[in-house]
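Here it is, written out as structure tokens:
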């Protein structure tokens, strides 16, 4: 948004720096596993996978696995391979997502599908997904395998749910929450939860980490969906207005159309159905979203889930890891401001 | 092929009937698991998955798991869920294959991608793949998980290898064998091998069943690739000449072009590169393939692998199961005649 934010204190804005510092040594191990296990005798596989993997992602999910392990005081090394598995699952879904959406840009770079085509992108996604399971099998925990295979099925269900809701303005906030809970939050939850499994902690801590990851994931996606309507083209990694043009009925749209008059409702219906997709239409959509305070309330919802994520950590004593995980939530939300 | 086959004995041609009868009670269990586990709250998932799953496939791979279990005298029930997992992996790869190839027909019916589009087809494939792993996790054998997650990675590698070889007439027989060994034979091998794991048999029997499945899978694919050049349009489930038009350099093409003169070599290069794809071009290709006896020798190669499959069973005593597994090999090869 363009409004200037006047900060009342001198603290720097929340960032991922504390988490990055916390997990830096472990992430070197994770990155080594990722690099090693994306190799194949078929050169196209590391070439295509490496384009996305080296493409400047934050590695949010594997960092969460490592931070959660640190929170629990776990001193072993099993989290490295599992964090790599989590990142492979995420990378596989990104590759397939970009095919599904026909996206041209991700993280400011051309997508794999535009460079190597849909067929190779689908198949390399399948390869990474299989590699993720091989990594989990090497770790040897059936409980971890259960958590991540279930999360994978839930993610796929969420993606299909999103596809079926696409271009349907009648999508409710409840269905939208189901979708993002499945397509985004399920893997955040699993990434955190598996740390409690490898650290052999009681069920309550597993559930606390699950709740932290799940609520953070929902907040993260809400903010992403808000950003799609507030960023200027070029300031974000993906094309601004992608959701608008794809007819994805995200919360800003749901709120704006619910609060609009008849003309506005008609506009949103036509827009989501793909009959209003020009730059002027996008500008009008942004105007309506601002006018109805749909972004503010989307971000209020994000803060609600962010607070729940922070509160889920209440049972853990204070530590550098906890502070970093709290700040990660604040960062996820502050991205929109 | 159109040549009349004069049979010297009165035995009926080999069929899958013995195997179907052998595994019929078990397959009822497998089908129940398949039907149950392809369900989802998202209606599109069972709708799309069911279209392919109910679409008249032979269920060759789960039948092999059950037949292998019967061969080993295994009397438990674990093979049912695992055979369903194998079929889910296979179904997921078929869905993705049809997207990759842009296929219109499979098993004589419209493909899922032509009915529901590529996005839904990719995502439902991902769902079934995840469900396969959930089923394996429920079974609880890390060894089975290792075998099938490795097979899945190999399949994806084989598919990418095939994609990179596509339209390249210089593809060698060795590379072609690598491709079909990965994309087809790896799952046949794993489907058989896991029966020895659940039956807790020694490593030698595991390897024997792996070899049986692997060689049968290669023979099966060789025959499939031959059929693509000998069947009349309409007599097979998929479009005849698909491989030709897709520029897939299969063994009949490799042999025909190696044995052809300069003009023929030039024709094959142009054809595989997509510059000769009319019905007349296909007819000419079939003519060249017959003239060079490329089909006969492709089928001779298939018989070689078929014999190896049968010989891999040499260590097992005679039984109904063994007889059915031998006849399945003979059937796989006889399909071309």
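Protein chains in written order, with my numbering: chain A, 1 to 337; chain B, 1 to 337. No residue lacks a Cβ here, since even glycine has one placed at the ideal position from N, Cα and C.
Check                                                                                                                                                                                       : Outcome
Quick check on this structure: which residue in A:39, A:164 and A:98 has the alpha carbon closest to the alpha carbon of residue 109 of chain A?                                            : A:98
Select from B:161, B:284, B:191 and B:48 the residue whose C-alpha is nearest the C-alpha of residue 150 of chain B.                                                                        : B:191
Kindly indicate if chain A contains any beta-carbon less than 7 Å away from that of residue 159 of chain B.                                                                                 : yes
With 16 as the cutoff for other CB atoms within 10 Å, does residue 213 of chain A come out buried or exposed?                                                                               : buried
Drop a sphere of 10 angstroms on the beta-carbon of residue 183 of chain B, count the other beta-carbons inside from all chains shown, and report buried for 16 or more, exposed for fewer. : buried
Checking contacts by CB at 7 Å: is residue 140 of chain A closer than that to chain B?                                                                                                      : yes
With a threshold of 16 other CB atoms inside 10 Å of the CB of residue 22 of chain B, please say whether the residue is buried or exposed.                                                  : buried
Once you ignore the five residues that flank residue 75 of chain A on each side, which residues in its own chain have a CB closer than 8 Å to its CB?                                       : none
Rounded to whole angstroms, how far is the Cβ of residue 160 of chain A from the Cβ of residue 124 of chain B, which I believe are closer than 8 Å?                                         : 6 Å
Taking the alpha helix (DSSP H) that residue 321 of chain B falls in, what are its first and last residues?                                                                                 : 320-334
Look up residue 282 of chain B in the DSSP assignment and say whether it is helix, strand or coil.                                                                                          : helix
Can you tell me whether residue 248 of chain A is buried or exposed, with buried defined as 16 or more other CB within 10 angstroms of its CB?                                              : buried
How about residue 68 of chain A: is its C-beta nearer than 7 Å to some C-beta of chain B?                                                                                                   : no
Of all Cβ atoms in chain B, is any one closer than 7 Å to the Cβ of residue 153 of chain A?                                                                                                 : yes
When burial is assigned at 16 or more other CB atoms within 10 Å of the CB, is residue 80 of chain A buried or exposed?                                                                     : buried
Using CA coordinates, which residue listed in B:130, B:311, B:136 and B:251 is at the minimum distance from residue 297 of chain B?                                                         : B:251
Just the C-alpha distance for residue 267 of chain B and residue 228 of chain B, rounded to the nearest angstrom, thanks.                                                                   : 18 Å
Does the beta carbon of residue 319 of chain B sit closer than 7 Å to a beta carbon anywhere in chain A?                                                                                    : no
Identify the contact partners of residue 119 of chain A in chain B, using a Cβ-Cβ distance below 7 Å as the criterion.                                                                      : 100 and 163
Can you tell me whether DSSP reads residue 167 of chain A as helix, strand or coil?                                                                                                         : coil
Between which two residues does the alpha helix (DSSP H) carrying residue 79 of chain B extend?                                                                                             : 78-101
Applying a beta-carbon distance threshold of less than 8 Å, which residues of chain A neighbour residue 42 of chain B?                                                                      : 157, 160, 161 and 164
Only counting runs of 4 or more residues, tell me where the alpha helix (DSSP H) segments fall wholly within the region 194-245 of chain B, in order along the chain.                       : 203-230
Use the C-beta contact count for residue 202 of chain B: other C-beta atoms within 10 angstroms, 16 or more gives buried, fewer gives exposed.                                              : exposed
Find the nearest neighbour of residue 324 of chain B within the set B:11, B:15 and B:10, judged by alpha-carbon distance.                                                                   : B:15
Between the C-alpha atoms of residue 132 of chain B and residue 144 of chain B, what's the straight-line distance to the nearest angstrom?                                                  : 12 Å
Look up residue 105 of chain B in the DSSP assignment and say whether it is helix, strand or coil.                                                                                          : strand
Could you work out which residues of chain A lie near residue 277 of chain B, taking near to mean beta carbons separated by less than 9 Å?                                                  : Ordered by position in chain A, no residue passes the 9 Å Cβ test against residue 277 of chain B, which lies about 18 Å from the chain.
Quick one: residues in its chain with C-beta nearer than 6 Å to the C-beta of residue 63 of chain A, no 5 flanking neighbours on either side, listed in chain order?                        : 19 and 23
Short check: CB of residue 198 of chain B to CB of residue 61 of chain B, under 7 Å?                                                                                                        : no
Starting from residue 10 of chain A, trace the alpha helix (DSSP H) both ways and give me its first and last residue.                                                                       : Careful: residue 10 of chain A lies outside any alpha helix (DSSP H) and carries neither H nor E.
Considering only C-alpha positions, which residue in the set B:220, B:116, B:242 and B:136 is nearest to residue 327 of chain B?                                                            : B:220
Looking at the unbroken alpha helix (DSSP H) that takes in residue 38 of chain B, where does it start and where does it end?                                                                : Residue 38 of chain B -> no alpha helix (DSSP H), and no H or E assigned at all.
Any beta carbon of chain B sitting closer than 7 Å to that of residue 126 of chain A?                                                                                                       : yes
Restricting to Cα atoms, I'd like to know which of A:154, A:141, A:118 and A:128 is closest to residue 130 of chain B.                                                                      : A:154
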